[in-house]
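Chemist:
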Amino acid sequence: MGVHNVDVAHALAAIVGPTATGKSRVAVEVADHLDAEIVSADAFQVYRGLDIGTAKVAEEEKVAASGRYIRHHLMDIIEPDADFSVAAYQQAALAAFADIRSRGRLPLLVGGSGLYVNAALGRYCFPPQTRDDRVRRELLAEAEARGLAHLYRELAQADPVAAAKIHPHDQKRIIRGLEVYRLTSRPPSSFWGRPEAQPAGPGSSGARQSTCSQTELPVRVAMVGLTWPRPRLYAAIEARVEDMLARGLVAEVQGLLAKGYPVEANAFQALGYKQVTGFLQGRYDFREMVRLIKRDTRRYAKRQLTWFRRDGRVQWLDVSRFDSQAELAAEITAIVSRTLAGNVE
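For the sequence shown, my numbering gives the first residue as 1, with consecutive numbering after it.
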């Protein structure tokens, strides 16, 4: 079908919202209607082997009702023990958009990781040379010698905005924030806005400032958010957790650990994987593990809703009001088509 009267070279569609609302499944049908390809905006589907717990779309699920295969991007691109930052995702997403547009198709961003969605939309501008192992080792040594509270106070003084969003006990993010600050002489939060709105912080030098050469940013964006009434959303979350466990989530984690991936790897911080590793380490029993996965997923869904509701461009749909997935897909397609044809950012 495709989107009429739209230059796909400067357009982007997105389906966002909390976990367990069926984004991935309906996105296949929407992509079929719009002649689109899907770009995952999930922080953990990038990891190979994290399939069940991330609800990764299986190959057979990428086939639309019409029989057409829908190509997916940014899934299974790195190993579970690899580092993968939001900045790296941004560059990968922009490359995927360009690849999709080169075939005359529309990129369809799908997922619930708010940071990744915003990065793909160009809302974050990442400076060059913001990773330095020497600086990181120095900060770790300072945390050991003087305490994490000392580093948190330093970050709060350098960047109150960033510090307000970081828990005082979150060592990883505190050290990352100070690493960026020491390397760029700019508050980390100064890189959160749109590229064209970046301030030149005190002490910045030409070599340290961000180039932000993102020439592929979309000028037309259509964003649809999916949600359920809260009781039904929580029921869907609990049902999905039970299904993941029945399909072998514990065995999946055991298999990854057996391959030698360390439990400290970023991949094992994903919902479900973190709680399963705790169970396998003997920190609690199976019943408690299930309770923790369900509780933490409900909390995550609440945070996702709060995040996306701050974006006025998201047009929300209550999934419970549709009698079928086909009807929901048709409505999303209509919203995207109208928005891209008529509303220019």
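Yeah, the Cβ is synthetic: ideal placement off N, Cα and C, and Gly gets one too.
1. Counting beta carbon pairs with one atom in the region 255-269 and one in the region 227-244, are three or more of them shorter than 8 Å?
2. Measure the CB-CB distance between Val28 and Ala58 and report whether it falls below 8 Å.
3. Looking at C-beta atoms only, is the number of pairs between the region 113-122 and the region 147-162 that lie closer than 8 Å three or more?
4. Please name the residue, chosen from Arg283, Arg68, Leu74, that lies closest to Asp35 on a Cα-to-Cα basis.
5. Excluding the 5 residues flanking Gln209 on each side, which residues of the same chain have their C-beta closer than 6 Å to its C-beta?
6. Leaving out five residues on either side along the sequence, give the residues of the same chain with a beta carbon under 7 Å from the beta carbon of Val276.
7. On the premise that Ser40 lies in contact with Leu12, defined as a C-beta separation below 8 Å, what is that separation, rounded to the nearest angstrom?
8. Since Gly17 and Leu328 should fall inside the 8 Å C-beta cutoff, what is the C-beta to C-beta distance between them, to a whole number of angstroms?
9. Less than 8 Å between the beta carbons of Leu139 and Leu178, yes or no?
10. Using the rule of at least 16 other Cβ atoms within 10 Å of the residue's Cβ for burial, across every protein chain shown, is Val30 buried or exposed?
11. Take Arg321 as the anchor and find which of Asp76, Ala270, Gly282, Trp228 has the nearest alpha-carbon.
12. Assign Gln90 to buried or exposed, taking buried as 16 or more other Cβ atoms, counted over all protein chains shown, within 10 Å of its Cβ.
13. Once DSSP output is grouped into helix, strand and coil, what is the label at Glu216?
14. Are Ile77 and Asp32 touching if we call contact CB-CB under 8 Å?
15. Near Thr297, which residues of its chain fall below 7 Å by C-beta distance, leaving aside the five closest residues on each side in sequence?
16. Within 10 Å of its beta-carbon, does Glu154 have 16 or more other beta-carbons around it, so buried, or fewer, so exposed?
17. My assumption, with CB atoms under 8 Å, is that Phe279 sits in contact with Phe286. Please give the rounded CB distance.
18. Are Leu292 and Val224 close, meaning C-beta to C-beta below 8 Å?
19. Using alpha carbons as the reference points, say which of Ala162, Ile166, Arg173, His167 lies closest to Arg186.
20. Label Ser113 either buried or exposed according to how many other C-beta atoms from any shown protein chain fall within 10 Å of its C-beta, with 16 as the threshold for buried.
21. Nearest-angstrom Cα distance between Val135 and Trp307?
22. Cα-Cα, which of Lys56, Leu109, Tyr47 is closest to Met349?
23. Just to confirm before moving on: does the CB-CB distance between Tyr124 and Phe191 stay below 8 Å?
24. Please list the terminal residues of the continuous beta strand (DSSP E) segment that includes Ala13.
25. Return the residue from the list Gln171, Ala88, Arg232, Gly342 that minimises the CA-CA distance to Glu142.
26. Short check: CB of Ala9 to CB of Leu109, under 8 Å?
27. Measure from the alpha carbon of Val319 to the alpha carbon of each residue in Asp7, Gly22, Val6, then state which is nearest.
28. State the start and end residues of the unbroken alpha helix (DSSP H) segment that holds Ala258.
29. What residues in its chain sit with their C-beta under 7 Å from that of Ala158, if we drop five residues either side in the sequence?
Modeler: This is what the structure gives:
1. Taking 8 Å as the limit for Cβ pairs, the verdict is that the region 255-269 does not touch the region 227-244.
2. As a working mapping, residue 28 is identified with position 28 in the sequence shown. As a working mapping, residue 58 is identified with position 58 in the sequence shown. No; because the gap between Cβ atoms is not below 8 Å, this pair is not in contact.
3. No, because fewer than three Cβ pairs between the region 113-122 and the region 147-162 fall closer than 8 Å, the two stretches do not touch.
4. Here residue 35 refers to the residue found at position 35 when the sequence shown is read from its first residue. Minimum Cα-Cα distance from Asp35 among the listed residues Arg283, Arg68, Leu74 corresponds to Arg68.
5. In the sequence shown, the residue the question calls residue 209 occupies position 209. Confidence at Gln209 is low in this model, with a pLDDT of 38, below 50, so its placement is unreliable and the value that follows should be read with caution. Closer than 6 Å at the Cβ level, and outside the excluded window around Gln209, lies no residue.
6. Mapped onto the sequence shown, residue 276 falls at position 276. Correct list, in chain order: Leu249, Val250, Val253, Met289.
7. For the purposes of this step, residue 12 is taken as the residue at position 12 of the sequence shown. For the purposes of this step, residue 40 is taken as the residue at position 40 of the sequence shown. That pair is no contact at about 14 Å.
8. Position 17 of the sequence shown, counting from 1, holds the residue named residue 17. Position 328 of the sequence shown, counting from 1, holds the residue named residue 328. With a Cβ gap of about 12 Å, Gly17 and Leu328 do not count as contacting.
9. The count along the sequence shown starts at 1 and reaches residue 139 at position 139. The count along the sequence shown starts at 1 and reaches residue 178 at position 178. Leu178 sits close to Leu139, with the two beta carbons spaced by under 8 Å.
10. Within the sequence shown, the letter at position 30 stands for residue 30. Looking at its Cβ environment, which holds 16 or more other Cβ atoms inside 10 Å, Val30 is buried.
11. As a first step, residue 321 is located in the sequence shown; it is residue number 321 there, counting from the start. Cα-wise, what sits closest to Arg321 is Trp228.
12. Here residue 90 corresponds to residue number 90 of the sequence shown, with the count starting at 1. Buried, by the Cβ-count rule.
13. What you label residue 216 is simply residue 216 of the sequence shown in a count that begins at 1. Bear in mind that a pLDDT of 45 at Glu216, under 50, signals an unreliable position, so the model cannot answer this.
14. By 1-based counting over the sequence shown, the position of residue 77 is 77. By 1-based counting over the sequence shown, the position of residue 32 is 32. Not in contact: Ile77 and Asp32 (Cβ atoms no closer than 8 Å).
15. Start at 1 with the first residue of the sequence shown, and residue 297 comes out as number 297. So the list reads Thr19, Ile237, Val241, Leu271, once near-sequence residues are dropped.
16. Looking up residue 154 in the sequence shown gives position 154. Taking all protein chains shown into account, Glu154 has 16 or more neighbouring C-beta atoms within 10 Å of its C-beta and is therefore buried.
17. Mapped onto the sequence shown, residue 279 falls at position 279. Mapped onto the sequence shown, residue 286 falls at position 286. Between Phe286 and Phe279 the Cβ distance is about 6 Å, and since that is below 8 Å, they are a contact.
18. For the purposes of this step, residue 292 is taken as residue 292 along the sequence shown, with counting starting at 1. For the purposes of this step, residue 224 is taken as residue 224 along the sequence shown, with counting starting at 1. No. Outside cutoff.
19. For the purposes of this step, residue 186 is taken as residue 186 along the sequence shown, with counting starting at 1. Per the C-alpha coordinates, the member of Ala162, Ile166, Arg173, His167 positioned closest to Arg186 is Ala162.
20. Residue mapping note: residue 113 aligns to position 113 of the sequence shown, counting from 1. By the neighbour-count rule (16 or more Cβ atoms within 10 Å), Ser113 is buried.
21. Reading the sequence shown from its first residue, position 135 is the one you call residue 135. Reading the sequence shown from its first residue, position 307 is the one you call residue 307. In a straight line, the C-alpha of Val135 is about 32 Å away from that of Trp307.
22. Residue 349 lies beyond the range of the chain shown here (1 to 345); nothing can be said about it.
23. Taking the sequence shown and counting its residues from 1, one reaches residue 124 at position 124. Taking the sequence shown and counting its residues from 1, one reaches residue 191 at position 191. The answer is yes: Cβ separation under 8 Å.
24. Position 13 of the sequence shown holds residue 13. That run of the beta strand (DSSP E) goes 11-16.
25. Walking along the sequence shown from the start, residue 142 turns up at place 142. Comparing alpha carbon positions, the residue from Gln171, Ala88, Arg232, Gly342 closest to Glu142 is Gln171.
26. Taking the sequence shown and counting its residues from 1, one reaches residue 9 at position 9. Taking the sequence shown and counting its residues from 1, one reaches residue 109 at position 109. Taking 8 Å as the Cβ cut-off, Ala9 and Leu109 do not qualify as a contacting pair.
27. For the purposes of this step, residue 319 is identified with residue 319 of the sequence shown, where counting begins at 1. A check of alpha carbon separations from Val319 across Asp7, Gly22, Val6 identifies Gly22 as the nearest.
28. Residue mapping note: residue 258 aligns to position 258 of the sequence shown, counting from 1. Run containing Ala258: 249-258, per the alpha helix (DSSP H) assignment.
29. One-based indexing of the sequence shown puts residue 158 at position 158. Listed in chain order, the non-local C-beta contacts of Ala158 below 7 Å within the same chain comprise Tyr181, Pro187, local neighbours out to five positions each way being set aside.
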